[in-house]
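Undergrad: First, the structure itself, so that you have it in front of you.
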Amino acid sequence: MTDRASQIAAFLARHGLEGAKREPLAGDASARRYERLTTPDGGTLILVDTPAPAEDLVPFIAIGATLDRLGFSVPAILAAEVEAGLALQEDFGDGTLTRLLNAGEEPRPLYELATDVLIELHRRFPVEEAPRLNLPLYDAALFTQQVALFADVYMPAATGKPLSDKARSDFDAAWAAVVPEACAGPQSLLLRDYHVDNVMRLPRPGLRAAGLIDYQSAGLGPVAYDLVSLLEDARRDLPTGLEGVLLDRYRAAFPDRDWDAFRRSYTVLGAIRHTRIVAIFVRLALQRRRGYLLHLPRVWRLLEGQLAKPELAPVADWFARHLPPGTRAELVVPEPD
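Numbering-wise (the working numbering), the sequence shown opens with residue 1 and increments by one.
Okay, structure coming up:
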């Protein structure tokens, strides 16, 4: 038995679960692992195994408590040993919106539920609580830093060599020209990875029917980010016209906001997210997790849709010069040695 396996076994024993049946669950792009535990009485729990140092367990617990207090469904934490990176949490089951959509459920009600969560989150979250929660600030500097992953990972993979100093400097300058305005509007809790794979449907009334399961990287940031994450999903296409319907639903909830400014923010933040995800999927492929490459054409299509808009002219010009259309989604990532 490895040291980590022994550590987990001891953790479970301390909480009376040494006899629980353990079933690994599908993970995500992070290093976290999840197992479903079935106890002798037939109940189930989720074991969260986060590699140390488990810095994301602390915000996960704190942000979860705030979301619960605000009226949203999050898994209850039943036990945690933060330094060991281990926790036991409530089992929300398998009903992610992704699985429900794949099973043939009507998309619109599911997406409306997920959109309504953001509407109420943006109404209810007290921005003044951000310092108490030690939330990172998703501002222009952080977004510009994060999108640089494309220059560092994707471009060397695509061209076989690192960007020149000039090209890299121009990349940073292009984004710096468009990001600040996108971050200038209203702020709220930004969940960061909000999409149908991270929302579950629960047998609960109202907004509590939406179970939120991934928010350890949440911060304070512009309200458009999570909406574009949901509606321009890297992993699946929405039915034609549904994005506009849901944008109108969000808009109707905030009639006094500057909608033109919101749409500009939505455009720029969507481009940031898509650009970073392209790089993340390629990095995962280089780490032998090649399944993510199936989504590259979709993400490029979404990104190019945003780059065609005037708000992103400086960034679109950089892409046209350094990665012209026709040389993008066709990237072939070699198998690792």
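By construction, the Cβ of each residue, glycine as well, lies at the ideal position given by its N, Cα and C atoms.
These numbers come from a predicted model, not from an experiment.
If contact is defined by three or more beta carbon pairs under 8 Å, each pair taking one atom from either stretch, is the stretch 122 to 140 in contact with the stretch 180 to 194?
TA: With a cut-off of 8 Å, the stretch 122 to 140 and the stretch 180 to 194 count as touching, because enough Cβ pairs lie within range.
Undergrad: What residue range is occupied by the uninterrupted beta strand (DSSP E) comprising E112?
TA: Working through the sequence shown from its first residue, we reach residue 112 at position 112. Careful: E112 lies outside any beta strand (DSSP E), inside the alpha helix (DSSP H) at P107 to R124.
Undergrad: Who are the Cβ neighbours of P136 in its own chain at under 6 Å, not counting the five residues just before and after it?
TA: Stepping through the sequence shown from its first residue, residue 136 is reached at position 136. So the qualifying residues of the chain are G219.
Undergrad: Considering just the uninterrupted stretch of the alpha helix (DSSP H) at E24, what are its terminal residues?
TA: Residue mapping note: residue 24 aligns to position 24 of the sequence shown, counting from 1. Looking at the sequence shown, residue 24 is not Glu but Pro. P24 -> not in any alpha helix (DSSP H); beta strand (DSSP E) instead, spanning K21 to P24.
Undergrad: For a test of the three-state rule: what should DSSP assign to A87, helix, strand or coil?
TA: Within the sequence shown, residue 87 is the residue found at index 87, counting from 1. In this structure, A87 counts as strand in the three-state DSSP scheme.
Undergrad: Excluding the five sequence neighbours on either side, which residues of its own chain have a C-beta within less than 6 Å of the C-beta of T96, listed in chain order?
TA: Here the question's residue 96 lines up with position 96 in the sequence shown. If we look at T96 and ignore the five residues flanking it on each side, its Cβ neighbours are D197 and M200.
Undergrad: Per DSSP, what kind of secondary structure is R32 in: helix, strand or coil?
TA: Residue mapping note: residue 32 aligns to position 32 of the sequence shown, counting from 1. Coil, per DSSP.
Undergrad: Thinking C-beta only, is W175 closer than 9 Å to I272?
TA: Here residue 272 refers to the residue found at position 272 of the sequence shown. Here residue 175 refers to the residue found at position 175 of the sequence shown. Yes. Within cutoff.
Undergrad: Return the chain-ordered list of same chain residues with a C-beta closer than 7 Å to the C-beta of R276, the five sequence neighbours on each side being excluded.
TA: On the sequence shown, position 276 is the one that residue 276 refers to. The answer, listed in chain order, is Q146, V147, L149 and F150.
Undergrad: Between G326, L67 and R14, which lies nearest to A80 when the distance is taken from Cα to Cα?
TA: What you label residue 80 is simply residue 80 of the sequence shown in a count that begins at 1. Taking only the C-alpha atoms, the option nearest A80 is R14.
Undergrad: If I follow the unbroken alpha helix (DSSP H) through E243, where does it start and stop?
TA: Here residue 243 corresponds to residue number 243 of the sequence shown, with the count starting at 1. Looking at the DSSP string, the run of the alpha helix (DSSP H) that includes E243 is L242 to A253.
Undergrad: For the structure I just gave you, are there three or more beta carbon pairs, one from the stretch 278 to 290 and one from the stretch 248 to 259, closer than 8 Å?
TA: No, the stretch 278 to 290 does not touch the stretch 248 to 259.
Undergrad: From E304 to S229, what does the alpha carbon distance come to, in whole angstroms?
TA: Indexing the sequence shown from 1 puts residue 304 at position 304. Indexing the sequence shown from 1 puts residue 229 at position 229. Roughly 16 Å separates the two Cα atoms.
Undergrad: DSSP state of P222, grouped into three classes?
TA: Residue mapping note: residue 222 aligns to position 222 of the sequence shown, counting from 1. Of the three classes helix, strand and coil, the one that applies to P222 here is strand, per DSSP.
Undergrad: Note down, in chain order, each residue of its chain lying with its Cβ closer than 6 Å to the Cβ of E90, except the 5 sequence neighbours on either side.
TA: Residue mapping note: residue 90 aligns to position 90 of the sequence shown, counting from 1. Answer for E90: P75 and A76, listed in chain order.
Undergrad: Would the beta-carbon of F125 fall within 9 Å of that of T66?
TA: Numbered from 1 along the sequence shown, position 125 holds the residue referred to as residue 125. Numbered from 1 along the sequence shown, position 66 holds the residue referred to as residue 66. A contact, by the Cβ cut-off of 9 Å.
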